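What follows is a set of notes on a single structure, which appears directly below.
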Amino acid sequence: MFLAFLRHGGVAALLVGVVVEALAFLSGRIEPRLGMILLGALLFYLSEYGMHRFAFHAPPLPWPPARKLQHRLHYDHHVEPNRLDLLFLPVWFLVPNLAVATSLVALLFGSEPSLSALFGMMLAILHYEWVHYVAHIPYQPRTQFGRWLKQYHLRHHFISEKHWFGVSNPTLDGLFGTFHGPDAAEKSSTVRKLY
Numbered sequence: 008m009f010l011a012f013l014r015h016g017g018v019a020a021l022l023v024g025v026v027v028e029a030l031a032f033l034s035g036r037i038e039p040r041l042g043m044i045l046l047g048a049l050l051f052y053l054s055e056y057g058m059h060r061f062a063f064h065a066p067p068l069p070w071p072p073a074r075k076l077q078h079r080l081h082y083d084h085h086v087e088p089n090r091l092d093l094l095f096l097p098v099w100f101l102v103p104n105l106a107v108a109t110s111l112v113a114l115l116f117g118s119e120p121s122l123s124a125l126f127g128m129m130l131a132i133l134h135y136e137w138v139h140y141v142a143h144i145p146y147q148p149r150t151q152f153g154r155w156l157k158q159y160h161l162r163h164h165f166i167s168e169k170h171w172f173g174v175s176n177p178t179l180d181g182l183f184g185t186f187h188g189p190d191a192a193e194k195s196s197t198v199r200k201l202y
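Read the sequence shown against the working numbering and you will find it ends at 202, with the numbers running on by one and no gaps.
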């Protein structure tokens with residue numbers, strides 16, 4: 008199960024990035040800054056919710072190549088939620104987004120602190136990818152929280168696409184009113200085919 012997870016391009020690229028940064032921290036080439044690592048993780052969790060709710064569930068764009076991207080990034084995942092090739096964020100999406108986020112952090116805090124933020128973002132994305140992967144494969148998590156988190160995400164795919172946007176961190180669903188109990192939302196007729 009874990010080896011299948013590692014085979015996906017974006018996951019492998021993230022792992023390489025995390026290992027390279029960890030080695031740079033351990034060798035003393037870069038000073039690890041815990042606050043910036045936490046900021047990077049927080050930035051990812053905010054973008055996870057925001058991108059999922061407002062970009063990935065946005066109406067189709069008028070330009071055909073943009074609509075094709077929307078389908079690959081999320082629409083098709085709702086149509087076939089168990090297709091692993093549609094499950095993971097692709098490298099061509101991850102790398103530019105990480106580059107832009109790290110550049111913005113560098114503008115605010117400097118280049119070396121931004122590398123710690125990048126480390127936090129990559130760790131948070133790996134956490135997201137793992138939780139998302141476990142939610143969509145035939146595997147029963149061992150912990151009660153793991154089982155709850157899996158069911159939480161599957162509600163988004165099989166009950167209503169209008170709720171439960173936080174895949175790896177449902178905190179923002181609570182903050183923005185999209186957190187609901189399992190019976191609180193009516194089954195949506197568009198949960199599998201967004202557009």
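We treat Cβ as the ideally placed atom computed from N, Cα and C, and that holds for glycine. This structure is a prediction, so every number in the text was calculated from the model and none was measured.
Item                                                                                                      : Value
Same chain, Cβ closer than 7 Å to K157, neighbours up to 5 away in sequence not counted                   : V141, A142 and P148
Contact under 7 Å by Cβ, I37 with L122                                                                    : yes
Burial state of V138 (16 or more Cβ within 10 Å)                                                          : buried
L10, buried or exposed, once every other Cβ within 10 Å from all chains shown has been counted against 16 : exposed
DSSP state of N89 mapped onto helix, strand, coil                                                         : coil
Assigned secondary structure, Y202 (DSSP; H/G/I helix, E/B strand, else coil)                             : coil
Between the CA atoms of P120 and L76 - distance to the nearest angstrom                                   : 32 Å
Exposed unless 16 or more other CB atoms sit within 10 angstroms - verdict on S118                        : exposed
Per-residue DSSP class, three states only, for E168                                                       : coil
Inter-residue CB distance, G127 and L46 (contact presumed, cutoff 8 Å)                                    : 6 Å
Cα-Cα separation between P97 and M129, rounded to whole angstroms                                         : 14 Å
Extent of the continuous alpha helix (DSSP H) run through A192                                            : Taken as a continuous stretch (DSSP letters only), A192 belongs to no alpha helix (DSSP H), as it is neither H nor E.
C-beta contact flag for E136 and F95 at 7 Å                                                               : yes
6 Å Cβ shell around H84 - same chain, five flanking residues per side excluded                            : L93
Secondary structure of G184, DSSP reduced to three states                                                 : coil
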